[in-house]
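Worksheet: the structure to be examined is printed underneath.
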Amino acid sequence: MEQKTGILNRLPKRDIAMLNRQLSRFQTYLGGIKYMTGVPDIVIIVDHPTICLIDTNFDPYLADISIPVNDEAISSIRLILNKLVFAIYKDRYSYIRNP
Numbered sequence: 031m032e033q034k035t036g037i038l039n040r041l042p043k044r045d046i047a048m049l050n051r052q053l054s055r056f057q058t059y060l061g062g063i064k065y066m067t068g069v070p071d072i073v074i075i076v077d078h079p080t081i082c083l084i085d086t087n088f089d090p091y092l093a094d095i096s097i098p099v100n101d102e103a104i105s106s107i108r109l110i111l112n113k114l115v116f117a118i119y120k121d122r123y124s125y126i127r128n129p
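Residue numbers (my numbering): 31 to 129.
Quick look at the structure:
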C-alpha cells in the first residue's frame, strides 16, 4: 500500500530496507491468511507449553504447567476437562458473536 502511494520514497534507505524485511517476513508467515474464508476448525501449535494432569507418582518437571489431580479417579479428570472445554467454548462463542 505504501509502495503505491509513494510514502517509501520519502524515507531514508535504512528505514525502507527495514520495512521491506518486515513486509517479506509478514508475507512469508501470514500470507496464507488472505485465502481463508472462515475460522479454522483446528489449529496446531508447535512448541507450546505442555499442560499435564499429574498424580503423585509423576515427575512434575517433565511438564511446563502441572495440574495435580488423582489420575485414577475419572471424576477428577472429567472435572478438569469440563472446565477446559467450557473455557474453549465460551471464548469461541464470544469470538463468533464479536469478530
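Glycine is no exception: its CB is placed at the ideal position from the N, C-alpha and C atoms.
Check                                                                                       : Outcome
When L83, N87, D94 and D45 are compared against L109, the one with the closest alpha-carbon : L83
Residue(s) in a DSSP beta bridge with P98                                                   : I84
Beta-carbon proximity of I81 to I95, cut-off 8 Å                                            : yes
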